[in-house]
Amino acid sequence: MEKLIVITGASSGIGKQLAIDFNERGYKLLLLARRVDLLVNLNLENAICKQLDVTDYENFKLQVDEAEKYFNLKVDLLINNAGIMPLDKIYNLDLKTQHDMIDINIKGVLNGMNIVINDMKERKTGTIINISSVAGRWTGENRAVYNGTKFAVHAISEQSRRELAPFNVRLLTIAPAIVDTNLLDNTSNKEVLNDYLKVKEKINNGLTPKQVSSIIIYAYELPQEISLKEIVLSSTKQAI
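Structure below.
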C-alpha cells in the first residue's frame, strides 16, 4: 500500500496493535515512541522506528520529514496516540505530573497536527486521527487533569475538523472507554489503582486493543469523502 502512516505511542497498547495491523495491510509506517527498543522488537516490514518525546516538536518534525524522504511519500494518516493517565485526586497529584499530562496529551497532539496539517491542506487529502477518551466527554473520579486534557483534545479536534473540511482533510476523534492496556502504569496510588482494576474486572477488562484498532482501520479506509468524525466506543458491559 503506497501510503505513509505515522503513529505516536506505538510501542504498546492501541498504538502497538495499530502498527501490527497496518503493517499486515501493507502500509508504510513511521512508528514513534519513547521506548524505541520495543518498536524494533515488533520486527515489522516497511516500518521506520524512532525514539520520540512528542513534546519535542523539532525532533518530531525531523522524523516525519526523514520518513517522507525515505519512502518518497507524504503522510496520508497521522495517528496521535501517545498519552499518559496518572489517576489520583487533584490534591495528591504532584504539579510535574499534572504538567506532564498537559504537555503530552495536549501539546503532543498539537505538535503532530501542525507538522502535517498544511501539507494535507495543500494536497486536499489526508487524515488525522486523535485518540482521545470518553474522559473527554464526561468527568470522573481521580481524573481531574486527565479529563481536562481529553476535553481539550475533543475541542481542538472538533473545531479543527470544521476548518479542514473544505480542503477534503478528515479529522477523526476516537473516544474509547476502558481498554485493556498498560495505561495504568503511570498510576502510583495503589488504592486508586486497585479500585480501577476492580471496575475492569467486572467488564472483562474492557475493550481489547485489537477491537479498537479494527474500528480505526475501518474508519480510515472508508473513501476520503466519508468522515466518521467522532467515534465513542466501549465494551457492551461498561455503562458510560
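Each residue of the sequence shown is one higher than the one before, starting from 1 at the first, in the UniProt record's numbering.
All residues carry an ideal CB built from backbone N, CA and C; glycine is no exception.
Is glycine 26 buried or exposed, if buried means 16 or more other CB atoms sit within 10 Å of its CB? exposed
Give a yes or no on whether the minimum CB-CB distance between lysine 202 and chain C is below 9 Å. Here there is only one protein chain, and chain C is not present.
At what residue ranges does the stretch 57-117 contain a whole run of the alpha helix (DSSP H), taking only runs of 4 or more? The qualifying runs are 57-71 and 95-102.
According to DSSP, simplified to helix, strand and coil, what is asparagine 23? Asparagine 23: helix per DSSP, three-state reduction.
Of the residues Asp88, Met120 and Leu164, the one placed nearest arginine 143, counting alpha carbons only: Comparing Cα-Cα distances from arginine 143 to each of Asp88, Met120 and Leu164, the minimum goes to Asp88.
Taking just the CA atoms, how far does isoleucine 240 sit from isoleucine 203? 12 Å
Looking at C-alpha atoms only, which residue of Asp21, Lys210, Glu225 and Ser132 is the closest neighbour of glutamate 45? Asp21
Per DSSP, which one or two residues make a beta bridge with glutamine 51? Ala33
In the DSSP assignment, what are the bridge partners of glutamate 122? Answer is none; glutamate 122 lacks a bridge partner.
So leucine 78 and valine 6 are in contact, right, with Cβ under 8 Å, and what is the actual spacing, rounded? 5 Å
Under 8 Å Cβ to Cβ from tyrosine 70, same chain only, skipping five residues before and after it: list those, please. Sequence-distant Cβ neighbours of tyrosine 70 in its own chain, meaning closer than 8 Å and more than five residues away, are Ile48.
Nearest-angstrom Cβ-Cβ length linking leucine 30 and alanine 67, presumed shorter than 8 Å: That belief holds up - the Cβ atoms of leucine 30 and alanine 67 are roughly 4 Å apart, short of 8 Å.
Within a Cβ cutoff of 8 Å, which residues of the same chain sit near leucine 123, ignoring the five residues on either side of it in sequence? Note that residue 123 is arginine in the sequence shown here, rather than leucine. For arginine 123, where only same-chain residues beyond five positions count, the Cβ hits under 8 Å are Lys74.
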